[in-house]
Amino acid sequence: MQLESLSAYLPSLETTIDSQPTLVAPGTPLIEVIARMSQVTQQQCILPTDSNSAAFDSALLQASSAVLVVEQSKLIGIFTEHDLVKLTAAQTQWRDLKIEDVMSHPVVTLTKAPALSLLAALSIFREYKIRHLPVLDEQGNILGLISSGSIRKALQPLNMLKWKQVRDVMTCEVVSAPASTNVLTLTQLMIQHQVSSIVLTQSDIQTGSQSLYAVGLITERDIVQYQALELDLSSLRAEAVMSTPLFQIHPSDPLLKAQQLMQQHRIRRLVVTGEQGELKGIVTQGSLLRVFDPLEMYELLEFLHQTVERRTTELHQINQKLQTEILERELVESHLRETLLKEQELNQFRSYVTAMASHDLRLPLTNISMAAELLQLKGNVISEAKREQYLDRIRLAVKQMNVLLNDIVTISEVESGKLDLNSGTLELVQFCQTLIEEIHLATQSKCVIQFNCGVAEGMTTVDEKVLRQILVNLLSNAVKYSPAGTTVTFDLLTEADHVVFRIQDQGIGIPEKDQEQLFEPFYRASNAHSFEGTGLGLAIVKRCVDAYQGAIALTSQIGSGTLFTIRLPLVVNLSQVSPQ
0 MQLESLSAYL PSLETTIDSQ PTLVAPGTPL IEVIARMSQV TQQQCILPTD SNSAAFDSAL
60 LQASSAVLVV EQSKLIGIFT EHDLVKLTAA QTQWRDLKIE DVMSHPVVTL TKAPALSLLA
120 ALSIFREYKI RHLPVLDEQG NILGLISSGS IRKALQPLNM LKWKQVRDVM TCEVVSAPAS
180 TNVLTLTQLM IQHQVSSIVL TQSDIQTGSQ SLYAVGLITE RDIVQYQALE LDLSSLRAEA
240 VMSTPLFQIH PSDPLLKAQQ LMQQHRIRRL VVTGEQGELK GIVTQGSLLR VFDPLEMYEL
300 LEFLHQTVER RTTELHQINQ KLQTEILERE LVESHLRETL LKEQELNQFR SYVTAMASHD
360 LRLPLTNISM AAELLQLKGN VISEAKREQY LDRIRLAVKQ MNVLLNDIVT ISEVESGKLD
420 LNSGTLELVQ FCQTLIEEIH LATQSKCVIQ FNCGVAEGMT TVDEKVLRQI LVNLLSNAVK
480 YSPAGTTVTF DLLTEADHVV FRIQDQGIGI PEKDQEQLFE PFYRASNAHS FEGTGLGLAI
540 VKRCVDAYQG AIALTSQIGS GTLFTIRLPL VVNLSQVSPQ
């Protein structure tokens with residue numbers, strides 16, 4: 000699901016690309032590649048201890064979790080820490096192998112384009128269950144590498160991380176082993192359970208508790224270093240080389256704290272513990288990315304909507320109570336003066352916030368926040384009419400968010416191929432007439448919609464939901480951009496095996512330079528910014544028409560109006576009759 004309108008909550012795609020990934024030729028010996036990935040040699044044996052943990056972390060920071068195999072400047076393969084762990088677990092004799100013998104290919108890649116956001120990369124990560132994504136230009140040249148680590152480094156203290164708790168994304172079924180286990184066995188556990196780390200545990204012998212307590216950690220990155228040092232993993236006990244002490248976090252902590260700990264200590268995962276220090280789960284860099292699942296973000300906005308409704312009810316109750324506690328006139332006047340001063344300050348602040356907002360979701364959220372704060376500050380002194388005015392602001396903002404979210408969900412369904420056509424029988428003429436009445440009621444426009452019907456009444460087979468999306472968006476736009484007293488013409492006719500809809504307005508028109516991009520999501524014509532809108536309506540129309548295997552065309556002249564023509568294939572032909 001690609002909800003591009005939510006990308007304002009994410010870093011830009013450019014900030015997550017490592018522009019200097021490790022590149023190797025296909026004939027490079029595997030042992031040399033492992034040394035480059037680990038950034039250590041046999042003369043640099045750095046294993047984690049309490050006294051040198053900082054040096055160990057610094058060495059790992061210089062290492063690479065993946066290498067790209069390049070031949071004649073073109074990407075032909077990739078080799079990751081996980082690939083090395085698989086070789087180790089299978090006890091493959093790899094010291095005489097070359098990287099081309101073990102690299103993964105073909106490689107899942109992302110071709111960079113100006114319109115792409117980080118959501119596109121996240122979708123590929125989820126679909127293919129990968130941790131590394133090479134980025135290419137249109138000629139196939141390597142631009143860099145995106146990984147879960149590079150995304151985590153780019154994350155700023157986002158609201159999404161503040162609202163979510165660790166328990167929302169942590170992995171509860173932790174793969175663990177006693178600290179006395181040899182490292183070779185741990186690599187086999189990683190492959191068996193498809194995980195990137197093993198938590199080393201011990202039980203509390205004194206209390207006899209069944210709970211496990213984390214004492215260390217072995218990761219894929221550690222395995223790479225041990226192989227670079229050519230250690231005997233079958234005889235190497237985990238407790239001798241495990242990462243310790245562990246950085247721990249509580250299930251109720253905000254995810255923002257987890258992200259800050261990872262950045263501060265340059266680590267990829269945190270152990271989640273309970274009140275007594277018992278092992279509860281684990282949080283990784285990949286866990287943080289789950290927060291930005293579009294469905295999760297949609298559910299969060301639904302929660303905000305419910306919260307606003309609850310707060311509205313509470314404010315009404317407070318209002319009834321305050322009516323019996325009105326103070327003397329002088330005190331009321333004093334409070335009013337103070338309230339007006341605060342209102343002016345808040346209005347100035349709201350103007351600043353609104354001017355800085357760069358995304359359609361931010362405006363309604365700002366309006367909700369401002370209105371609620373004004374009610375809290377002066378709820379005991381303002382009039383009922385003024386109070387209702389503030390409450391109306393909240394309701395309108397919630398309505399705007401719902402409209403925008405519905406548009407986002409619709410366009411994302413089409414973009415992801417999830418919009419299914421469900422044809423049913425429909426009396427098309429009556430449907431169009433009813434639609435016109437709905438548009439008049441919804442927009443309260445002073446424009447006249449003139450319906451010219453060139454087909455006979457009767458049932459036909461169409462997808463009512465998709466057709467409604469197309470016509471409602473076009474008719475609403477025609478009414479919105481037309482002056483009062485003008486006429487919007489709505490023609491219905493058939494041509495061969497197609498039904499044709501023509502919608503002509505007398506509005507502001509569309510500049511020629513904007514017409515090619517008009518059907519792109521969030522694009523608005525240069526002369527339309529004074530009108531309310533999201534830039535999604537025509538994008539939804541175009542994608543619905545495409546899903547119907549139809550065609551859309553427009554002609555427009557500045558100051559004279561715009562004509563949209565829609566042609567949709569018919570399952571059951573309508574008879575051509577004289578226009579009514």
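Numbering (numbering that gives the first Met the number 0), first residue to last: 0 to 579.
Note that CB positions come from ideal geometry on N, CA and C, so glycine has one too.
Next item on the list: Answer yes if the stretch 140 to 151 comes into contact with the stretch 17 to 37, meaning at least three C-beta pairs across the two stretches below 8 Å, and no otherwise.
Entry: yes
Item checked: Spatial distance of Val-487 from Val-544 (CA atoms) -> 21 Å
Margin query: Under 8 Å, with one C-beta from each stretch per pair, do the stretch 493 to 504 and the stretch 563 to 570 reach the 3-pair mark?
Written below: yes
Item checked: Residues near Val-32 by beta carbon distance below 8 Å, same chain, minus five either side -> Val-23, Val-66, Phe-78 and Ile-98
Margin query: If contacts are defined as beta-carbon pairs under 8 Å, then Met-189 and Glu-219 qualify, I think. What distance do you get, rounded to the angstrom?
Written below: 7 Å
Next item on the list: Count the CB pairs spanning the stretch 241 to 252 and the stretch 268 to 275 that are closer than 8 Å, and state whether there are at least three.
Entry: yes
Note to self: Classify Met-458: buried if its beta carbon has 16 or more other beta carbons within 10 angstroms, exposed otherwise.
What the structure shows: exposed
Next item on the list: Alpha carbon to alpha carbon, how far is Gly-139 from Leu-74? Give it in angstroms, no decimals.
Entry: 8 Å
Note to self: Let's see if you can read the secondary structure: which residues bound the beta strand (DSSP E) around Arg-267?
What the structure shows: Per DSSP, Arg-267 belongs to no beta strand (DSSP E) and is neither H nor E.
Check: With DSSP run on the structure shown, which of helix, strand or coil describes Val-84?
Finding: helix
Check: Do Ala-257 and Val-282 have their C-beta atoms within less than 9 Å of each other?
Finding: yes
Margin query: Please report the distance separating the alpha-carbon of Leu-117 from that of Lys-111.
Written below: 11 Å
Next item on the list: Using alpha carbons as the reference points, say which of Thr-409, Leu-29 and Lys-445 lies closest to Ile-539.
Entry: Thr-409
Next item on the list: Select from Ser-559, Arg-236 and Phe-430 the residue whose C-alpha is nearest the C-alpha of Pro-482.
Entry: Ser-559
Checklist line | Closest Cα partner of Glu-126 within the set Gly-506, Asp-221, Gln-305 and Leu-109 | finding: Leu-109
Check: If you draw a straight line from the C-alpha of Val-649 to the C-alpha of Ser-103, how long is it?
Finding: Residue coverage of the chain in this structure runs from 0 to 579, which leaves residue 649 outside it and unanswerable.
Notebook entry, point to check: Alpha carbon to alpha carbon, what distance is there between Gln-164 and Ile-217?
Noted result: 25 Å
Notebook entry, point to check: Among Leu-420, Leu-211, Ser-333 and Glu-80, which residue has its Cα nearest to the Cα of Ser-64?
Noted result: Glu-80
Check: Starting from Ala-186 and walking both ways along the alpha helix (DSSP H), at which residues does that stretch end?
Finding: According to the sequence displayed, residue 186 carries Thr and not Ala. Its alpha helix (DSSP H) spans residues 182 to 192.
Item checked: Neighbourhood of Leu-12 by C-beta distance below 7 Å, restricted to the same chain and skipping five residues each side -> Leu-115, Ser-116, Leu-117 and Ala-120
Notebook entry, point to check: When DSSP labels each residue in this structure, what does Lys-111 get in the three-state scheme?
Noted result: coil
Checklist line | Closest by C-alpha distance to Cys-431, when choosing among Val-397, Arg-386 and Leu-466 | finding: Leu-466
Note to self: Taking its Cβ as the centre, do 16 or more other Cβ atoms sit within 10 Å of Leu-420, making it buried, or is it exposed?
What the structure shows: exposed
Check: Who are Asp-17's beta bridge partners in DSSP?
Finding: Leu-144
Note to self: I'd like to check one pair, Thr-243 with Val-223: are the Cβ atoms closer than 9 Å?
What the structure shows: no
Check: Val-428: buried (16+ other C-beta within 10 angstroms of its C-beta) or exposed?
Finding: buried
Check: In the DSSP assignment, what are the bridge partners of Val-173?
Finding: In the DSSP output, where bridge partners are listed per residue, Val-173 has none listed.
Checklist line | Proximity of Pro-253 and Leu-364 at Cβ, strictly below 9 Å | finding: no
Check: How long is the line joining the alpha carbons of Pro-177 and Ala-237, rounded to whole angstroms?
Finding: 8 Å
Checklist line | Burial state of Arg-336 (16 or more Cβ within 10 Å) | finding: exposed
Check: For the candidate residues Lys-377, Leu-425, Ser-475 and Leu-86, whose alpha-carbon lies nearest to that of Leu-605?
Finding: Summary: the structure shown does not reach residue 605, with the chain confined to residues 0 through 579, and so no result is reported for it.
Notebook entry, point to check: With which residues is Ala-65 paired in a DSSP beta bridge?
Noted result: Thr-79
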